[in-house]
Amino acid sequence: MFGRKLKFADIYSAGTVDVEVLNLQIQKRLKRRKILDLTLRYTILTLGAFIMIYPMLWLFGASFKTNAEIFTSIWFVPPRFDFSVYAQAWKTGTQYTLGHYFLNTFRFVLPRVIFTVISSVIVAYGFARFNFPLKKFLFGLMISTMFLPWVVRIIPMYLFWRNLGLLDTFVPLYAHTIFANEAFFVFMLIQFFRTLPKELDEAAVIDGCNSFQVLIKILLPNIKPAVISVGLFQFMWSMNDFLGPLIYISSVEKYPIQIALRMAIDATAGVEWNVIIAMSLIALMPSIIIFFAAQKYFVRGVATTGLKG
Numbered sequence: 001m002f003g004r005k006l007k008f009a010d011i012y013s014a015g016t017v018d019v020e021v022l023n024l025q026i027q028k029r030l031k032r033r034k035i036l037d038l039t040l041r042y043t044i045l046t047l048g049a050f051i052m053i054y055p056m057l058w059l060f061g062a063s064f065k066t067n068a069e070i071f072t073s074i075w076f077v078p079p080r081f082d083f084s085v086y087a088q089a090w091k092t093g094t095q096y097t098l099g100h101y102f103l104n105t106f107r108f109v110l111p112r113v114i115f116t117v118i119s120s121v122i123v124a125y126g127f128a129r130f131n132f133p134l135k136k137f138l139f140g141l142m143i144s145t146m147f148l149p150w151v152v153r154i155i156p157m158y159l160f161w162r163n164l165g166l167l168d169t170f171v172p173l174y175a176h177t178i179f180a181n182e183a184f185f186v187f188m189l190i191q192f193f194r195t196l197p198k199e200l201d202e203a204a205v206i207d208g209c210n211s212f213q214v215l216i217k218i219l220l221p222n223i224k225p226a227v228i229s230v231g232l233f234q235f236m237w238s239m240n241d242f243l244g245p246l247i248y249i250s251s252v253e254k255y256p257i258q259i260a261l262r263m264a265i266d267a268t269a270g271v272e273w274n275v276i277i278a279m280s281l282i283a284l285m286p287s288i289i290i291f292f293a294a295q296k297y298f299v300r301g302v303a304t305t306g307l308k309g
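Going by full-length UniProt numbering, the sequence shown opens with residue 1, and the numbers climb by one from there.
Structure representation (structure tokens):
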């Protein structure tokens, strides 16, 4: 009887050991699979990031190359680094430096950003929080303007500003943003307003706030990521706007950075492409700096858009 108990205990002990060994093997296998998955995932992400950033790396390297080297090699590492090309690019080869063209650019970009943010917030607040006659019709009409190509409006807008005597000024480049003409931004902000409970408005009204105070003190701080996203979008789009300044600005002293780059390529002498590329990289700096400075709010704003319809 005693011998049977020993034999049973031995069998039970052996079975327990086998289970523990099996668990360890499973854990090791899962750990190896997890490491393999992470390695594969980060390898793909790194490769994708390199593919996305390679054009910028190539541009930076090409700014130190000669014309012959630029057109004979796709490798971004230059044979030498001579930063004097950036000093030459800053001078632009004209009577004005890039700093002058940057100032001209900001003279219409900053008002455009400010007016877009203010007007879009006000219009979105009205659609999201108030009921008024023809609300759905007006909202649909506003959204339908997103399907209207901007080029269709070029001639009427040009004639309009010409009749007002405002050609060759910066006013035509930003005046329209006073009226919340960017339906995309209004729609984006409406989605954010709808994520906020109306009880916030009601509580603020009970405390004595009017509609404007509710917007400024209660709602606006809660949609800050969306507001920053709108400003960032408009800033980057405005910095890349080439057709608008080309149509309305005719004086060289008023050219923005976009037209200055094109003017550099129009030089009658042989084009030094490394200088043009250096000018392009300098022109990109404001957008890159602004994006990374506001990246947290931008990503949060875009990720949250459309959570509630």
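Ideal placement from N, C-alpha and C gives every residue a C-beta, glycine not left out.
Being a predicted model, the structure only gives us computed values, none of them experimental.
#1: With a threshold of 16 other CB atoms inside 10 Å of the CB of Phe298, please say whether the residue is buried or exposed.
#2: Spatial neighbours of Asp201 within its chain, please: CB distance less than 6 Å, with the 5 preceding and 5 following residues excluded, ordered by chain position.
#3: Sorted by chain position, which residues of the same chain lie with C-beta nearer than 7 Å to Val85's C-beta, five sequence neighbours on each side aside?
#4: Taking C-alpha atoms, which residue in Thr66, Lys28 and Thr97 lies nearest to Tyr255?
#5: Can you say whether Tyr125 is buried or exposed, counting buried as having 16 or more other CB atoms within 10 angstroms of its CB?
#6: Between Val186 and Met142, how many whole angstroms is the CB-CB distance? I'm expecting something under 8 Å.
#7: State the CB to CB distance for the pair Thr177 and Phe115, rounded to an integer number of angstroms; the pair is presumed to be in contact (CB under 8 Å).
#8: Which value, in whole angstroms, describes the spacing of the CA atoms of Gly244 and Lys135?
#9: Any idea if Tyr54 is buried or exposed, counting beta-carbon neighbours within 10 angstroms, 16 or more meaning buried?
#10: Taking the alpha-carbon of Ala283 as reference, which of Asn163, Asn131 and Phe242 has the nearest alpha-carbon?
#11: Please go through the same chain and pick out, in chain order, the residues whose beta-carbon is closer than 6 Å to the beta-carbon of Phe108, but skip the five residues on each side of it.
#12: What would DSSP say about Val77, mapped onto helix, strand or coil?
#13: Which whole-angstrom value is the C-beta distance of Ser238 and Val113, which I expect to be below 8 Å?
#14: Among residues of its own chain, excluding the 5 on either side of Ile228, which ones have a beta-carbon nearer than 7 Å to its beta-carbon?
#15: Check whether the segment 141-158 touches the segment 178-198, counting contact only when three or more Cβ pairs, one atom from each stretch, lie closer than 8 Å.
#16: Beta-carbon separation of Ala128 and Phe184 under 8 Å?
#17: For Ile30, is the classification buried or exposed, using 16 other Cβ atoms within 10 angstroms of its Cβ as the cut-off for buried?
#18: Mapping DSSP to helix, strand and coil, what is Pro256?
#19: Restricting to Cα atoms, I'd like to know which of Leu110, Phe81 and Met56 is closest to Phe235.
#20: Classify Phe292 as buried or exposed, calling it buried when 16 or more other Cβ atoms lie within 10 Å of its own Cβ.
#21: Can you grab the Cα-Cα spacing for the pair Pro79 / Gln95, in whole Å?
#22: Since Ala87 is in the alpha helix (DSSP H), which residue starts that stretch and which ends it?
#23: Assign Val121 to buried or exposed, taking buried as 16 or more other Cβ atoms, counted over all protein chains shown, within 10 Å of its Cβ.
#24: Give me the Cα-Cα distance between Leu196 and Arg162, rounded to the nearest whole angstrom.
#25: Counting only runs that start and end within the segment 195-262, where is the alpha helix (DSSP H) found for 4 or more residues in a row?
#26: How big is the Cα-Cα spacing for Tyr248 and Leu148?
#27: For my contact list, Phe102 and Ile257 are in at a C-beta cut-off of 8 Å; report their separation, rounded to the angstrom.
#28: DSSP on Ala9, reduced to helix/strand/coil?
#29: Once DSSP output is grouped into helix, strand and coil, what is the label at Tyr297?
Answer, in terms of the structure:
#1: With 16 or more Cβ atoms within 10 Å of its Cβ, Phe298 is classed as buried.
#2: Val214.
#3: Contacts found: Ser63, Phe64, Asn274, Val275 and Ala278.
#4: Selected option, being the one with the closest Cα: Thr97.
#5: It is buried - the Cβ of Tyr125 has at least 16 other Cβ atoms within 10 Å.
#6: With a contact defined as Cβ atoms closer than 8 Å, Val186 and Met142 qualify at about 6 Å.
#7: With 8 Å as the limit, Thr177 and Phe115 qualify as a contact, their Cβ atoms being about 4 Å apart.
#8: Gly244 and Lys135 have their alpha carbons spaced roughly 32 Å apart.
#9: A residue is called buried when at least 16 other Cβ atoms come within 10 angstroms of its Cβ; Tyr54 does not meet this threshold and is exposed.
#10: Ala283 has its Cα closest to that of Phe242, out of Asn163, Asn131 and Phe242.
#11: Closer than 6 Å at Cβ, skipping near neighbours: Phe170, Leu173 and Tyr174.
#12: If DSSP states are grouped into helix, strand and coil, Val77 belongs with coil.
#13: Rounded to whole angstroms, the Cβ separation of Ser238 and Val113 is 7 Å, and the two are in contact under 8 Å.
#14: Excluding residues within five positions, the ones whose Cβ falls inside 7 Å are Ala294, Tyr297, Phe298 and Gly301.
#15: Verdict: yes, contact present.
#16: Between Ala128 and Phe184, the CB-CB gap reaches or exceeds 8 Å.
#17: Position check: residue 30 holds Leu in this sequence, whereas Ile was assumed. Label assigned to Leu30: exposed.
#18: Here Pro256 sits in coil by DSSP.
#19: Per the C-alpha coordinates, the member of Leu110, Phe81 and Met56 positioned closest to Phe235 is Leu110.
#20: Exposed.
#21: Near 32 Å, if we compare the C-alpha coordinates of Gln95 and Pro79.
#22: DSSP places Ala87 in the uninterrupted alpha helix (DSSP H) bounded by Ser84 to Lys91.
#23: The residue is buried, with at least 16 neighbouring Cβ atoms inside 10 Å.
#24: The alpha-carbon atoms of Leu196 and Arg162 are separated by roughly 44 Å.
#25: Taking only runs of at least 4 residues, the alpha helix (DSSP H) segments lying wholly in the segment 195-262 are 199-206, 224-239 and 243-248.
#26: Roughly 21 Å between the two C-alpha positions.
#27: Here Phe102 really is in contact with Ile257; their C-beta atoms are around 6 Å apart, less than 8 Å.
#28: Unreliable positioning characterises Ala9 in this predicted model, as indicated by a pLDDT of 49, which lies under 50. The coordinate reading is nonetheless provided below. Three-state result, Ala9: helix.
#29: In the structure shown, Tyr297 falls within a helical segment according to DSSP collapsed to helix, strand and coil.
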